[in-house]
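In this note's numbering, the protein residues as written are -2 to 374.
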Amino acid sequence: MRGLGKRAILVACPKGQGYREALALCETAELEVVSTLPFCKTPHPATYVGPGRLKRLKEMVEEEGAEVVVIFGNPKPSQLYRIMREVNVEVWDKTSLILKIFELHSGSKEAKLQTELARLKYELTLAREYIRNAKKGEQVHFLGPGEYAVEYVIRAIHKRMKKIERELEKIKRMRENQKRRRLKRLGLPEIAVTGYTCAGKTALINALAKLNLKEGPEMFTTIMPKHAKVWVDGKEGIFIDTVGFIEGIPPQIIEAFHATLAEILYSDLALLVVDGSVPNVKDKLASSLATLAEIGYTGRPLVIAVNKVDLLEDYGEVVEEVRDEAERLYPWTVEVMPISAKTGFNVKRLAKKSIEAAEEYRSLLDELKRSDGYPQY
Ligand SMILES: Nc1nc2c(ncn2[C@@H]2O[C@H](COP(=O)(O)OP(=O)(O)OP(=O)(O)O)[C@@H](O)[C@H]2O)c(=O)[nH]1
Ligand SMILES: [Mg+2]
């Protein structure tokens, strides 16, 4: 059984969905939120939260005996540094919070290494900030050792990062070779199942491929991609489970998990799963589409599944809403289909449609490659 986690103070905007998400993320990261400090103003240039609020935060840390302060935002290293120096306990921003969850959920060696690499990159930016301040002659008591020690730490981080990068490269090559061999043999279309964390991507793959991959209400249950072969009505395809998206995903996380997210680009089609049962479906759809665009998936066909309709009395309205919004934001959407990964409603139809759209895109590309003027790589 899990014990209670570290006592934490959450600094977040109390309005809207973001706040609930912040609490859920803290819980998944095994933090016990003992108090919250509202903050949704424009960030203060020096201290992010502003001097008055920072003073209050320091008092709250002492009153509550908190061990962690979570700033649910993306402060710059210099701002984070100032907050840490003031409150004298660990300070986590959104990136750090997500990394913590990834660390807890990393099962395979590859996932562990990739998460450690992301953590090291993150710490490197903080260590650099420490040095910058030390050089300016600031008091730097909170991190312990002096400037030389930090420079030593930076060298050690670089060394470890190089080693991890080499190891990851080896694992990736091995995995890709295996995968390429397998797929070449099969020649099957690939569909990347993407979407917001908790939308039901893994549940859908489990339903389609009769698998038992780990799914659950916690955020970021899946970290590394998983391939599953699906057979439906005489058609076959490889469905790939991928890491979930989140609103305002920190760029450092995108960068660290680029290899994983790249699975989406290498596939023939992205299948976007949205949770139709939440009140802010449109926001989540928009943020998922923005993430897809950020990783470079654009101008290509997209199938959208509105999942969890078993939880809705009448799903017609939600599906219409998603369809309108998708047409507006992503005109290459080829299908919007209500499904329930839980009851199995429409999942086969969805799989068939996705395989067909993937095959179509593949043959279109093949045709283009054969035609004159297409760049030959
Ligand atoms: N009622 C209902 N619950 C569902 C459905 N699909 C998934 N769930 C539940 O929703 C939760 C999240 O499902 P997952 O499949 O783990 O979601 P995911 O998109 O893979 O999430 P991450 O791996 O965190 O990105 C789980 O508790 C599922 O059992 C559905 O169609 N109906
Ligand atoms: Mg999952």
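By construction, the Cβ of each residue, glycine as well, lies at the ideal position given by its N, Cα and C atoms.
Ligand 1 approaches Gly192 closely enough that one of its heavy atoms is under 7 angstroms from the residue's Cβ. Under the three-state reduction of DSSP, Phe99 is assigned to helix.
Here Ile336 is not near Val300, since their CB atoms are 8 angstroms or more apart. Here the stretch 117 to 131 lies against the stretch 60 to 79, with 3 or more beta-carbon pairs under 8 angstroms apart. In this structure Ile95 does not touch Val46 by the C-beta definition: roughly 20 angstroms separates them, more than the 8 angstroms allowed. Under DSSP, Met334 takes part in a beta bridge, and its partners are Ala302.
With respect to Ala108, Ala253 sits apart: the two C-beta atoms are not nearer than 8 angstroms. Cys37 is classed as exposed because its beta carbon has fewer than 16 other beta carbons within 10 Å across all chains shown. Looking from the CA of Leu210, the closest CA among Phe217, Met216, Lys223 belongs to Lys223. Exposed is the label assigned to Ser105, since fewer than 16 other Cβ atoms lie within 10 Å of its Cβ. Distance between Thr218 and Ser368, taken at the CA atoms: about 43 angstroms. With contacts defined by Cβ atoms closer than 8 angstroms, Leu7 and Phe99 do not form a contacting pair.
Judged by DSSP in its simplified three-state form, Glu244 adopts coil rather than helix or strand. If the five residues before and after Thr44 are omitted, its C-beta is found closer than 7 angstroms to the C-beta atoms of Leu51, Gln76, Arg79, Ile80, all from its own chain and listed in chain order.
Your pair Ala5 and Val88 does not check out as a contact, with CB atoms roughly 10 angstroms apart and the cut at 8 angstroms.
A distance criterion of 7 angstroms places the beta-carbon of Phe99 beyond contact range of ligand 1, judged by its closest non-hydrogen atom. Taken through DSSP and simplified to helix, strand or coil, Asp272 comes out as strand. Proximity to Arg82 across Lys97, Lys55, Tyr294, Ser103 peaks at Lys55, based on C-alpha coordinates.
By the neighbour-count criterion, in which a residue is buried when 16 or more other Cβ atoms sit within 10 angstroms of its Cβ, Gly197 is buried.
Across the set Pro48, Val31, Thr39, Pro40, the C-alpha of Val31 shows the shortest separation from the C-alpha of Gly62.
Annotation for Ala256: no beta strand (DSSP E) segment contains it, though the alpha helix (DSSP H) segment containing it runs 255 to 263. Residues Phe217, Thr218, Ile220 of the same chain have their beta carbon placed closer than 7 angstroms to that of His102, with the five preceding and five following residues left out of the count.
Judged by their CB atoms, Ala189 and Ile237 are nearer to each other than the 8 angstroms cut-off. Boundaries of the beta strand (DSSP E) harbouring Asp238: 232 to 238, taken from the DSSP string.
Using a cutoff of 7 angstroms, the CB of Glu212 counts as near ligand 2, since one of the ligand's heavy atoms is closer than that. Taking a 10 Å sphere around the C-beta of Met334, we find 16 or more other C-beta atoms and assign the residue as buried. In this structure, the straight-line span from the alpha carbon of Ala225 to that of Leu185 is close to 11 angstroms. Nearest Cα to Ser351 within the set Ala9, Lys97, Glu187, Arg53: Glu187.
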